[in-house]
Amino acid sequence: MINITLPDGAVKQFEKGVTALDVAKSISEGLARKVLAANVNGQVWDATRPLNEDATLKLLTWNDTEGKSTFWHSSAHLMAEAVESLFPGVKFWVGPATVNPPGFYYDIDFGDKKLTEEDLAKLEKKMNELAKQSNAYVRKEMPKNEAVEYFAGKGDEYKLDLLQNLEDGKITFYSQGNFTDLCRGPHIPNTGFIKAIKLTNIAGAYWKGDEKNKQLTRLYGITFPSQKELDEYLALLEEAKKRDHRKLGKELGIYTMDDDVGQGLIMWLPNGTVIIEELEKLAKETEEDGGYKRVVTPHIAKESMYLTSGHLPYYADSMYPPMELDGEKYYLKSMNCPHHHKIFAAEPKSYRDLPYRIAEYGTVYRYEQSGELFGLMRVRCLHMNDAHIYCTKEQFNDEFRAVNEMYLKYFKIFGVDKYVMRLSLHSPEKLGVKYVNEPQLWKETEEMVRNVLIESNIPYVEVQDEAAFYGPKIDVQIYSVIGREFTLATNQVDFSQGRSFKLQYTTADNSADTPLIIHRAPLGTHERFIGFLLEHYAGKLPVWLSPVQVKILPISDKFLDYAHDVKAKLRKAGVRVEMDDRSEKIGKKIREAELSKVPYMLVLGEKEVAEGRLSVRRQGKGDTGSLSVDEFIGTIVDEIRERKSGE
RNA sequence: GCCGUUGUAGCUCAGUGGUAGAGCACUUCCUUGGUAAGGAAGAGGUCGUGAGUUCAAUUCUCAUCAACGGCUCCA
């Protein structure tokens with residue numbers, strides 16, 4: 003007999019060889035029908051795998067993350083079975099469950115066959131047939147030499163590649179129906195659990211994620227234990243699309259693009275420009291408080307500067323090709339830092355001048371690959387909330403921390419709470435290729451940045467191979483409504499460019515030293531930040547950011563005089579106000595104002611004129627009662643000045 | 001850049017091997033109406049661009065450009 007400890011602490015005795023499924027049955031048949039896998043001593047196992055020793059056991063169902071991922075991984079095998087039956091001879095790479103987006107994929111080499119969306123429908127149909135057969139997922143262990151022989155016989159170079167990295171004695175295969183795959187598992191008990199199937203996408207994916215390798219076909223899908231859950235998921239996707247910044251950006255007149263202008267080049271419409279100006283106003287105030295001075299620099303510079311900065315050796319792929327003028331090559335700038343370094347160098351500096359902080363909403367151009375462009379989130383002309391801080395090593399901690407505090411201050415204003423702080427480190431094997439070749443300085447500065455995070459008690463994750471070419475950084479990662487991850491803001495250390503530009507200051511003992519440089523962009527770029535804000539607020543911007551803050555809606559033409567009076571008073575108070583003076587019914591004016599997401603609507607009719615008051619309507623909330631003109635102005639001006647979130 | 005999908009009026013979308021349609025928006029007129037669409041009339045498109053097949057192409061084929069979903073890459 004063995005002892006099985008359940009999550010509530012209860013210990014039950016079972017025969018050796020009992021399965022998690024048997025344990026579930028001993029509790030209730032209903033539970034047994036829902037068990038997808040089991041957590042055995044901290045490891046996820048098949049629910050059908052025999053337990054031969056004492057163990058702590060947690061039964062995993064659809065409600066557990068591991069239950070879902072087991073379900074989806076098994077679905078990937080089901081899809082592979084369907085693929086193999088419809089397209090014999092294909093070769094499989096890997097088919098994991100995914101979290102973001104939820105579901106699974108399988109990377110497959112289809113040879114010369116090009117898969118189309120019609121094939122997806124056929125595959126879906128086949129999967130449904132196979133699922134109904136409720137075939138068991140059967141686990142089988144195999145010695146490595148046998149496994150190698152098996153795949154060598156099939157001529158399957160992908161699985162042979164996988165086997166290379168596996169230890170003998172730990173190699174398992176899983177079969178269901180007519181399909182067998184090298185797989186670590188675990189799997190759900192049988193295919194019958196999979197009741198609702200949707201294959202979502204065909205995409206190319208480079209083998210092992212390397213663009214030099216062959217491109218495999220990646221099939222994406224999602225499955226659920228019931229049709230109802232699939233329908234709910236699809237409805238959720240539809241909802242998310244409504245807050246997509248590209249849709250909102252068009253509806254609200256924020257920005258536009260044009261084929262004749264070029265890919266990834268944003269033209270800001272008047273409404274979007276208002277948002278830009280408000281953000282810049284906020285940045286200027288905040289930076290002035292933080293001891294920054296503003297500068298302005300040109301959009302181009304000569305090749306020599308980018309050789310000095312290291313951009314040409316390390317960053318050339320992301321730069322527009324040069325233009326030749328008078329025998330010189332000029333580049334559009336992809337970063338503002340070199341220009342700022344030249345400003346630092348323009349006059350001799352002493353330690354008394356440090357920290358020297360200069361800021362600019364700098365326009366930079368990056369030649370992003372065409373397939374990477376994405377609405378406002380990924381563009382080729384960016385306006386960066388940039389600044390550079392030149393400081394001594396001793397000042398670094400305080401300066402870096404002050405920058406982090408500035409982030410948090412901004413995030414509070416915008417109610418940003420769903421983000422991940424990422425400590426982005428270099429990757430030693432890419433020194434001299436992607437990263438400046440200074441192993442010791444990398445080590446030191448990475449340690450400095452980590453310390454600031456720890457001292458400031460900021461939760462963070464560490465990731466390799468995400469640093470800038472000149473130093474480590476802290477990135478603030480956010481997710482678009484589509485689920486795509488982006489760096490919203492960044493705070494970087496640079497130990498390299500100070501030396502390459504020969505930047506110096508005179509120390510207290512009259513020697514020369516090179517400053518450390520902090521690059522920071524807490525508001526990222528206008529493009530990405532506004533894209534983010536549109537999605538974050540679902541287009542319902544707080545009053546201070548709203549392009550139109552108040553819309554006056556007279557009930558009929560008879561009240562236009564009063565309406566003009568009110569409008570003039572609001573204008574004078576600095577409020578962005580518009581009036582709907584068409585001969586339309588009030589219902590229509592309200593509907594259109596609501597759809598355009600104007601935060602305040604003022605309905606004016608006979609009653610308001612007689613009393614000298616306003617009927618105030620708040621977007622999304624309906625009629626909120628009546629106020630005098632002065633009362634309303636007092637409230638809204640306060641709301642704007644305080645940059646209130648509106649909720 | 002690579003794989004897949006799409007491209008018809010300002011917007012959202014029907015549609016056809018015989019040179020196109022709806023709703024909203026727009027213009028004009030009627031209506032002056034109290035909290036999410038009042039009525040009528042009108043105007044608006046060489047069907048992304050270029051080539052090919054055909055008696056005939058918006059429709060079929062190819063190329064190209066762009067957008068979208070991924071991969072790679074990134075603020």
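Under our numbering, think of the first position of the first sequence as 3, with each following residue one higher.
Positions of the beta carbon are idealized from the N, C-alpha and C atoms, including for glycine.
message: Using 8 Å as the cut-off, can you tell me whether the stretch 460-470 makes contact with the stretch 500-514, which would need three or more C-beta pairs spanning the two stretches below that distance?
response: Below 8 Å, too few C-beta pairs join the stretch 460-470 and the stretch 500-514 to call them touching: fewer than three.
- prompt: Roughly how many whole angstroms lie between the Cα atoms of Leu490 and Lys197?
  reply: Start at 1 with the first residue of the first sequence, and residue 490 comes out as number 488. Start at 1 with the first residue of the first sequence, and residue 197 comes out as number 195. If you take the alpha carbons of Leu490 and Lys197, they lie about 39 Å apart.
task: Figure out for me which residue from Ala40, Pro357, Ile519 has the closest Cα to the Cα of His189.
output: Position 187 of the first sequence, counted from the start, is the residue given in the question as residue 189. Measuring from the Cα of His189, the nearest candidate turns out to be Ala40.
- request: Locate the beta strand (DSSP E) running through Asp48, then write down its first and last residues.
  value: Here residue 48 is taken as the residue at index 46 of the first sequence, counted from 1. Per DSSP, Asp48 belongs to the beta strand (DSSP E) from 45-48.
message: Please classify Met269 as buried or exposed, where buried requires at least 16 other C-beta atoms within 10 Å of its C-beta.
response: Here residue 269 corresponds to residue number 267 of the first sequence, with the count starting at 1. By the 10 Å Cβ count, Met269 comes out exposed.
- request: Drop a sphere of 10 angstroms on the beta-carbon of Asn167, count the other beta-carbons inside from all chains shown, and report buried for 16 or more, exposed for fewer.
  value: Along the first sequence, read from residue 1 onward, the residue named residue 167 stands at position 165. Burial call: exposed.
message: Taking the straight line between their C-alpha atoms, what separation do you get for Val25 and Val37?
response: Here residue 25 is taken as the residue at index 23 of the first sequence, counted from 1. Here residue 37 is taken as the residue at index 35 of the first sequence, counted from 1. The straight-line gap from Cα to Cα measures roughly 10 Å.
- prompt: Would a C-beta distance cut-off of 8 Å place Tyr333 and Leu221 closer than the cut-off?
  reply: Residue 333 sits at position 331 when you count from the first residue of the first sequence. Residue 221 sits at position 219 when you count from the first residue of the first sequence. The beta carbons of Tyr333 and Leu221 sit no closer together than 8 Å.
- prompt: Going by Cα to Cα distance, which pick from Trp47, Leu62, Lys18 is closest to Asn54?
  reply: Counting from one through the first sequence, the residue named residue 54 turns up at place 52. Check the Cα spacing between Asn54 and each of Trp47, Leu62, Lys18: the tightest is with Lys18.
- prompt: From which residue to which residue does the alpha helix (DSSP H) around Val96 run?
  reply: For the purposes of this step, residue 96 is taken as the residue at position 94 of the first sequence. No alpha helix (DSSP H) holds Val96; DSSP gives it neither H nor E.
query: What residue range is occupied by the uninterrupted alpha helix (DSSP H) comprising Arg452?
result: Working through the first sequence from its first residue, we reach residue 452 at position 450. Start and end: 441-457.
- request: Can you tell me which of Lys569, Ser585, Glu644, Ser647 puts its alpha carbon nearest to the alpha carbon of Arg615?
  value: Reading the first sequence from its first residue, position 613 is the one you call residue 615. For Arg615, the nearest C-alpha among the options comes from Lys569.
message: Please state whether the Cβ-Cβ distance between Thr299 and Asn273 is less than 8 Å.
response: Residue numbering aside, residue 299 sits at position 297 when the first sequence is read from its first letter. Residue numbering aside, residue 273 sits at position 271 when the first sequence is read from its first letter. Against a cut-off of 8 Å, the Cβ pair of Asn273 and Thr299 comes out as no contact.
task: Spell out a yes or no on whether the stretch 534-550 and the stretch 634-649 are touching, meaning 3 or more CB-CB pairs, one atom from each, closer than 8 Å.
output: Touching, per the Cβ criterion.
message: Does Arg486 come out as helix, strand or coil in the three-state DSSP assignment?
response: Position 484 of the first sequence, counted from the start, is the residue given in the question as residue 486. Three-state DSSP puts Arg486 in coil, outside helix and strand.
task: Have a look at Lys230 and Phe195 and give me their C-alpha separation to the nearest angstrom.
output: As a position in the first sequence, residue 230 is number 228, starting the count at 1. As a position in the first sequence, residue 195 is number 193, starting the count at 1. Computed Cα separation, rounded: 14 Å.
task: Let me know if Val263 comes out buried or exposed under the rule of 16 or more other beta-carbons within 10 Å of its beta-carbon.
output: Start at 1 with the first residue of the first sequence, and residue 263 comes out as number 261. With fewer than 16 other CB atoms across the displayed protein chains lying within 10 angstroms of its CB, Val263 is exposed.
Where Thr193 falls: helix, strand or coil (DSSP): The count along the first sequence starts at 1 and reaches residue 193 at position 191. Looking at Thr193 - three-state DSSP - the assignment turns out to be helix.
message: Between the alpha carbons of Leu271 and Gln442, how many angstroms are there, rounded?
response: Within the first sequence, the letter at position 269 stands for residue 271. Within the first sequence, the letter at position 440 stands for residue 442. When rounded, the distance between both Cα atoms is 48 Å.
- request: Identify which residue in Asn453, Glu446, Phe398, Leu555 has its Cα closest to the Cα of Arg359.
  value: Here the question's residue 359 lines up with position 357 in the first sequence. Measuring from the Cα of Arg359, the nearest candidate turns out to be Phe398.
message: Using a Cβ-Cβ cutoff of less than 8 Å, which residues in the same chain neighbour Glu610 once the five nearest sequence positions on both sides are dropped?
response: Along the first sequence, one-based indexing puts residue 610 at 608. Contacts found: Phe561, Tyr564, Leu616, Ser617, Ser628.
- prompt: Apart from the five residues just before and just after Ile588, which ones in its own chain have a Cβ nearer than 6 Å to its Cβ?
  reply: Position 586 of the first sequence, counting from 1, holds the residue named residue 588. The residues are Ile557.
- prompt: Considering only residues of the same chain and omitting the five flanking positions on each side of Tyr369, which have a CB-CB separation below 7 Å?
  reply: Locating residue 369 in the first sequence gives position 367, counting from the first residue. Ser320, Met321, Tyr322, Arg382, listed in sequence order.
message: Is it buried or exposed, Asp496, if we count other Cβ atoms within 10 angstroms and call 16 or more buried?
response: As a position in the first sequence, residue 496 is number 494, starting the count at 1. When all chains shown are included, Asp496 counts as buried.
message: Within a Cβ cutoff of 7 Å, which residues of the same chain sit near Pro9, ignoring the five residues on either side of it in sequence?
response: Within the first sequence, the letter at position 7 stands for residue 9. Within its own chain, the residues whose Cβ lies closer than 7 Å to the Cβ of Pro9, once the five positions on either side in sequence are excluded, are Lys60, listed in chain order.
task: Taking the CB atoms as reference points, tell me whether Ser498 and Val438 lie closer together than 8 Å.
output: Walking along the first sequence from the start, residue 498 turns up at place 496. Walking along the first sequence from the start, residue 438 turns up at place 436. The answer is yes: Cβ separation under 8 Å.
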